[in-house]
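Read through the structure below, which is laid out as structure tokens, and then see the notes.
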DNA sequence: AAGCTATTGACCGAATCGGTTCGCTCGACT
DNA sequence: AGTCGAGCGAACCGATTCGGTCAATAGCTT
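Residue numbers (our numbering), protein chains in the order written: chain X, 1 to 209; chain G, 210 to 418.
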């Protein structure tokens, strides 16, 4: 039986434990310096099991890249926000999706980010192809179908969008600092920021409730 | 002559090159996995030179910790913003200081951040003492002396402050992605966000210029 | 208890680690 | 011109860790 099949026959919870451990290790140390032993320890399995499931380190890394690639496609083609025309509502929905992904795979964004900086010749080509296929979040999240007329005059929605993407990134970068419960706290805060901006960037009487 | 003296007698430019290389390596790979060879290569010197200047890896790490510690003290005691009462102006000045530090030591914040996660028993104690001494940026940057009455009713300055700290972090986390020139671009963007928020969060007639 | 599969601890040669040694270079001083 | 020493790169050291293998075990099915 192929190694990869063995992995895919594992119960999903165990698969995720291993994937998350691997993504965390590669994100933290890069391809070369992340060792199979690190990953095994973080996943609670033996080093031999890693090779049992994936054959070799490169195959594991490639599997992760493809896994993330599939996840991106799945998220971007998620149609649950079609028909939403409100700027802030759309951003909130996109953040919701991100959160749900992050809950299952806490290290996925750190791993995706680390791919940018990965230089190892053994894996770089595969990364390039993924990077080429999936443009950045900023470019994907367009203002198409958004009702920009609700903004006050003089406020550029594109600027606000860029700002919110940065803000979201800042919120996310604080997550690993603190305990696990803090994620709900952070998202609550983010929603509060959205509300605050909505109340003051849209036209009409300034609405303080 | 003590190893450390040799380092300190180096021209400042070379010192910084080595410090930045070391901070970058430790931030990227952690204390254990960052090798003296990595640091040497990034700094453009030989591995032997690293030991020539610092004696051993631990001493180099400790030197970096103390260096950052001193930098924090120097920045926090910087009195150039005393007397500034405007909320956004004060934040802008604080960002300016951060930028100037970042220009000289591009990896310093990544390194400081990495200390949070460092678990190696050989260096952890020294980190603890630094972390205990210097509270987080968020706690240090108080609203003391800020004229909060300029805000519209219903807008909590503390919330805005937290939001801006997150936003700043998000802007900073995008810096390493792109070329070196992008820093000016990113700070320009940040200033534009500040202006945008100031125009819409302060009371008085909504000022679109 | 026999058979089978998932999982592992112990192990391999090769590579890399932190750290040392040594000999070369090059500028300062005489 | 000759001397000297600070500073450096290359080659090396024993120890550790690497990716990867494999025989042995644990656990389930019958």
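In this text, a Cβ means the ideal position worked out from N, Cα and C, and glycines have one as well.
Residue span of the alpha helix (DSSP H) that contains residue i, given as start and end
i                     : result
residue 369 (chain G) : 366-383
residue 2 (chain X)   : Segment: none, residue 2 (chain X) is in no alpha helix (DSSP H) and carries neither H nor E.
residue 181 (chain X) : Run containing residue 181 (chain X): none; DSSP gives neither H nor E here.
residue 221 (chain G) : 221-242
residue 334 (chain G) : 333-342
residue 304 (chain G) : 296-313
residue 9 (chain X)   : Note, residue 9 (chain X): premise wrong, no alpha helix (DSSP H); not H, not E.
residue 289 (chain G) : It is not in any alpha helix (DSSP H) - residue 289 (chain G) carries neither H nor E in the DSSP assignment.
residue 113 (chain X) : 108-117
residue 141 (chain X) : Run containing residue 141 (chain X): none; DSSP gives neither H nor E here.
residue 202 (chain X) : Where residue 202 (chain X) is concerned, there is no enclosing alpha helix (DSSP H), given that its DSSP letter is neither H nor E.
Counted within 10 angstroms of its Cβ, other Cβ atoms place residue i as buried (16 or more) or exposed
i                     : result
residue 379 (chain G) : buried
residue 209 (chain X) : With a pLDDT of 42 at residue 209 (chain X), under the threshold of 50, the predicted position of this residue should be treated as unreliable, though the coordinate-derived value follows. The residue in question, residue 209 (chain X), is exposed, as its Cβ has fewer than 16 Cβ neighbours within 10 Å.
residue 187 (chain X) : buried
residue 133 (chain X) : exposed
residue 409 (chain G) : buried
residue 168 (chain X) : buried
residue 33 (chain X)  : buried
residue 231 (chain G) : buried
residue 323 (chain G) : buried
residue 143 (chain X) : exposed
residue 333 (chain G) : exposed
residue 266 (chain G) : buried
residue 247 (chain G) : buried
residue 48 (chain X)  : exposed
residue 291 (chain G) : exposed
residue 207 (chain X) : Because the pLDDT at residue 207 (chain X) is just 49, under 50, the model does not fix this residue reliably, and the point stays unresolved.
residue 60 (chain X)  : buried
residue 145 (chain X) : exposed
residue 12 (chain X)  : exposed
For residue i, the three-state DSSP class (helix, strand or coil)
i                     : result
residue 151 (chain X) : strand
residue 208 (chain X) : Residue placement at residue 208 (chain X) is flagged as unreliable, the pLDDT there being 47, under the threshold of 50; a coordinate-derived value is accordingly withheld.
residue 74 (chain X)  : helix
residue 48 (chain X)  : helix
residue 246 (chain G) : helix
residue 252 (chain G) : helix
residue 330 (chain G) : coil
residue 272 (chain G) : helix
Short Cβ contact (8 Å threshold) for residue i with residue j
i                     : j                     : result
residue 36 (chain X)  : residue 26 (chain X)  : no
residue 20 (chain X)  : residue 107 (chain X) : yes
residue 216 (chain G) : residue 304 (chain G) : no
residue 226 (chain G) : residue 252 (chain G) : yes
residue 412 (chain G) : residue 371 (chain G) : no
residue 293 (chain G) : residue 285 (chain G) : no
residue 373 (chain G) : residue 300 (chain G) : yes
residue 326 (chain G) : residue 273 (chain G) : no
residue 403 (chain G) : residue 155 (chain X) : no
residue 130 (chain X) : residue 182 (chain X) : no
residue 296 (chain G) : residue 366 (chain G) : yes
residue 287 (chain G) : residue 310 (chain G) : no
residue 263 (chain G) : residue 212 (chain G) : yes
residue 159 (chain X) : residue 401 (chain G) : yes
residue 329 (chain G) : residue 240 (chain G) : yes
residue 208 (chain G) : residue 174 (chain X) : Missing from the structure shown is residue 208 (chain G); chain G here goes from 210 to 418 and no further.
Point to revise | Members of the region 52-63 of chain X that neighbour chain G once the beta carbon cut-off is set at 7 Å | key: Those would be none; no residue qualifies.
Practice item. Give, in chain order, every residue of the region 346-366 of chain G whose Cβ lies closer than 9 Å to some Cβ of chain X. Key: Going along the region 346-366 of chain G in chain order, one finds 361, 362, 363, 364, 365 with a Cβ nearer than 9 Å to chain X.
**Study point:** Contact set between the region 300-325 of chain G and chain X, restricted to residues whose Cβ is under 9 Å from the partner
**Key:** Sequence-ordered contacts of the region 300-325 of chain G with chain X read 322, 325 [C-beta pairs closer than 9 Å].
Exercise for review: Give, in chain order, every residue of the region 324-343 of chain G whose Cβ lies closer than 8 Å to some Cβ of chain X.
Suggested key: Cβ contacts with chain X come from 325, 326.
Practice item. Note down, in chain order, all residues in the region 19-35 of chain X with a beta-carbon under 8 Å from any beta-carbon belonging to chain G. Key: The region 19-35 of chain X vs chain G, Cβ under 8 Å: 28, 29, 30, 33.
Review point. Can you list, in chain order, the residues of the region 272-287 of chain G whose Cβ is nearer than 8 Å to any Cβ on chain X?
Key: Residues are counted here when their Cβ sits less than 8 Å from a Cβ of chain X; for the region 272-287 of chain G the count is zero.
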